[in-house]
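Note that the protein sequences, when read in sequence, are chains A and B. This note's numbering applies: residue 5 is where the first sequence begins, and numbers increase by one. This note's numbering applies: residue 5 is where the second sequence begins, and numbers increase by one. Report on the structure given below.
There are 2 protein chains.
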Amino acid sequence: MTFADRLAQLVAARESQIVLGLDPDPTRLWPEAIVEAPPDGPPARRAAAAVRAHCAALIDAAGPACVAVKPQLACFERLGAEGWAALAAVAEHARTAGLLVLADGKRGDVAVSSAAYADALAGSTQTPFGDVAGLGADAFTASPLLGGDALEPLIAGARAAQAGVFVLVRTSNPGAADVQDLALAQGGALWERLARLVAQLGDAGPASAAGLADVGAVVGATAPQHMARMRELMPRAVLLLPGIGAQGGRIEDLAPAFSSHRAGGLVSASRWIAGAHEAGGGSPATAARAQAERLREAAWALS
Amino acid sequence: MTFADRLAQLVAARESQIVLGLDPDPTRLWPEAIVEAPPDGPPARRAAAAVRAHCAALIDAAGPACVAVKPQLACFERLGAEGWAALAAVAEHARTAGLLVLADGKRGDVAVSSAAYADALAGSTQTPFGDVAGLGADAFTASPLLGGDALEPLIAGARAAQAGVFVLVRTSNPGAADVQDLALAQGGALWERLARLVAQLGDAGPASAAGLADVGAVVGATAPQHMARMRELMPRAVLLLPGIGAQGGRIEDLAPAFSSHRAGGLVSASRWIAGAHEAGGGSPATAARAQAERLREAAWALS
Chain A
5 MTFADRLAQL
15 VAARESQIVL
25 GLDPDPTRLW
35 PEAIVEAPPD
45 GPPARRAAAA
55 VRAHCAALID
65 AAGPACVAVK
75 PQLACFERLG
85 AEGWAALAAV
95 AEHARTAGLL
105 VLADGKRGDV
115 AVSSAAYADA
125 LAGSTQTPFG
135 DVAGLGADAF
145 TASPLLGGDA
155 LEPLIAGARA
165 AQAGVFVLVR
175 TSNPGAADVQ
185 DLALAQGGAL
195 WERLARLVAQ
205 LGDAGPASAA
215 GLADVGAVVG
225 ATAPQHMARM
235 RELMPRAVLL
245 LPGIGAQGGR
255 IEDLAPAFSS
265 HRAGGLVSAS
275 RWIAGAHEAG
285 GGSPATAARA
295 QAERLREAAW
305 ALS
Chain B
5 MTFADRLAQL
15 VAARESQIVL
25 GLDPDPTRLW
35 PEAIVEAPPD
45 GPPARRAAAA
55 VRAHCAALID
65 AAGPACVAVK
75 PQLACFERLG
85 AEGWAALAAV
95 AEHARTAGLL
105 VLADGKRGDV
115 AVSSAAYADA
125 LAGSTQTPFG
135 DVAGLGADAF
145 TASPLLGGDA
155 LEPLIAGARA
165 AQAGVFVLVR
175 TSNPGAADVQ
185 DLALAQGGAL
195 WERLARLVAQ
205 LGDAGPASAA
215 GLADVGAVVG
225 ATAPQHMARM
235 RELMPRAVLL
245 LPGIGAQGGR
255 IEDLAPAFSS
265 HRAGGLVSAS
275 RWIAGAHEAG
285 GGSPATAARA
295 QAERLREAAW
305 ALS
């Protein structure tokens, strides 16, 4: 089954469009995770074990209100090989909890390297010693800066594994304006051009029972004024919407994302869920579960 | 000493501006590397050992004609945690051979994640169990698609480690035209705007004895018609020039890159060196050494 159809089924079954962002910072882990690290060994191994325990606890707490997790690859890579092993374990934990895995690395490179990234995240790699499985992600984020011939191997690799790709169109950070909002001589902003590219690449993909494309878009929830135009330019794309909460985005502005399909928008939140106890008190797990459930209800009510 | 000054010294000492690209494909490793893999164990471990041996042999053969290695992170990530461990070992092997390490991952993300990437590649990560060192790269590649506030933490993290950053300005693939060549309403192409951003970010950096900035640019050798303009827009930037050979770029077109300083251009070649024996015969190591030496002479003669 294609990524889009697996997603649509899961959104309907869980009545949720929430994606649990996993951005573990080793200095801000839940206390219950730190004590699960081995008492000795190299710092990277102990920290990776704590990161893994933190993410597992977060998934156990908030996962039931979500459809997917979105591990931020940078947060694992900074712990080296131990971090990558923790990432694989966390992805497996999420799958066992019935969640999709969206690997967030914003990869993009010339064709041969893009193909390698697709193998790393969703596919597998042929070697003289047998195939090596990748991370097994259900979808991953990609950068369109290198153009169509760089995106195509990422998408082809994803498709071969029945996975999806979310292409950056208009990100949630203030600096997105520096490049993505530039006005083009041909008319429109760069992000509109990127949105058209996403629609095109998705239309070339497999049919989906839900009518959704397997190429989606990352669209920051911090620029709600563009949301209706995004939906117009990319009618079949699933929009991955980061930036709610800490970055200033408001869930009530996201309704246009859901106008085509209930699974047409995915609301991603990381620190807002994992750090809910810092603002509201209570145990980290209880606060995270309540926050995720509030988000789930608010998004579902919009769709 | 800043990255730019370390680079300038090494270029002068080795009379070389050649960067040895490390893009190991497990199905195309040198035969001498495959036999060094352990006779049993999981495919990922055996393949990672072979990749490590391949890169070490390549560095031993071609390294003396080069100033740096450029590992393509995708090629290691596709072997998971074992691949990441091989990457760290290969970087260490290159350093021992007196070469700089340019980590090629084209990273770029919102500020907090960009900071994590900088820690992963050039810095270190604070954890409750002690600091975890990153890859120790002397420089890394970065994507500017997310704008200034996403590049700044990458550059700040690099600077704190006396490392450099190479920002994508105009890549070597044909699809680069799809986005980077778009004409802007304000005049000029997107890549010219990116080039100005690179110059600005570099000017804010530390002084360098060589007069070179610690923010460089990735500029494909496949669009030589832009080379003089690149140098004009980024007078102090080191230009990392991939695309020679297999991708169609010709070394004799790169002279403008060296007009400001002999270390102002770095010519990167991967398959053209590692696969030299496929075209010209001989042992892989002998052919790679001869090819790298030919490239070194050709670039040095231009500068």
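Built from N, CA and C at the ideal position, the CB exists for glycine as well. On a predicted model such as this, the values are computed, not experimentally measured, just so you know.
- Secondary-structure assignment with DSSP links THR129 of chain A through a beta bridge to A:VAL136.
- In the structure shown, PRO228 of chain A falls within a helical segment according to DSSP collapsed to helix, strand and coil.
- Non-local beta-carbon contacts of LEU237 of chain A in its own chain, meaning distances under 7 Å to residues more than five positions away in sequence, involve GLU196, ALA199, ARG200 and ALA203 in chain order.
- Residue contact check for GLN76 of chain B against chain A: a CB pair falls below 8 Å.
- ALA115 of chain B and ALA154 of chain B do touch by the CB rule: their CB atoms are close to 6 Å apart, below 8 Å.
- The beta carbon of VAL136 of chain B falls within 8 Å of a beta carbon belonging to chain A, placing the residue at that interface.
- If you ignore the 5 residues before and after ALA65 of chain A, its C-beta comes within less than 7 Å of the C-beta of ALA289, ALA292 and ARG293, all in its own chain and listed in chain order.
- When the Cα atoms are used, ALA51 of chain A and ALA41 of chain A turn out to be separated by approximately 7 Å.
- Between LEU216 of chain A and ALA8 of chain A a beta carbon distance of about 4 Å is seen, short of the 8 Å cut, so the two are scored as contacting.
- Between CYS79 of chain B and chain A, the shortest Cβ-Cβ separation is below 8 Å.
- The beta-carbon of VAL183 of chain A is placed less than 8 Å from the nearest beta-carbon of chain B.
- The bridge partners DSSP lists for PRO75 of chain B are B:LEU26.
- Distance from VAL105 of chain A to ASP135 of chain A at the Cβ level is roughly 20 Å; contact not present, criterion being Cβ atoms closer than 8 Å.
- ALA120 of chain A is a Cβ neighbour of ARG82 of chain B, given a cutoff of 8 Å.
- Fewer than three beta-carbon pairs drawn from the region 251-270 of chain B and the region 267-285 of chain A are found closer than 8 Å, and the two stretches are therefore not classed as touching.
- DSSP, read as helix, strand or coil, puts ALA143 of chain B in strand.
- Taking 8 Å as the threshold, the shortest C-beta distance from GLY84 of chain A to chain B falls below it.
- Remark: three or more beta-carbon pairs, one from each stretch, lie closer than 8 Å, so the region 262-271 of chain B and the region 16-23 of chain B are flagged as touching.
- For ALA273 of chain B, the enclosing beta strand (DSSP E) begins and ends at 269-273.
- At a beta-carbon threshold of 7 Å, the residues of chain A lying near ALA89 of chain B are ALA85, ordered along the chain.
- In the DSSP assignment, ALA60 of chain B is bridged to no other residue.
- With the criterion set as a beta carbon lying under 9 Å from some beta carbon of chain B, the members of the region 155-179 of chain A are LEU155, GLU156, LEU172, THR175, SER176, ASN177, PRO178 and GLY179, in sequence order.
- Against THR31 of chain B, the close residues of chain A are GLN130, THR131 and PRO132, in the order they occur along the chain (beta-carbon pairs closer than 8 Å).
- Just so you know, the alpha carbons of ILE255 of chain B and THR131 of chain A end up roughly 33 Å apart.
- For GLY191 of chain A and ASP29 of chain A, the gap between their C-alpha atoms comes out near 42 Å.
- Contacts between SER117 of chain A and chain B, judged by CB atoms closer than 9 Å, involve ASP27, GLN76, LEU77, ALA78, CYS79, ASP108 and LYS110 in chain order.
- When Cβ-Cβ separations below 8 Å define contact, SER287 of chain B makes no contact with chain A.
- Taking the C-beta atoms as reference points, ALA95 of chain A is found nearer than 8 Å to PRO75 of chain A.
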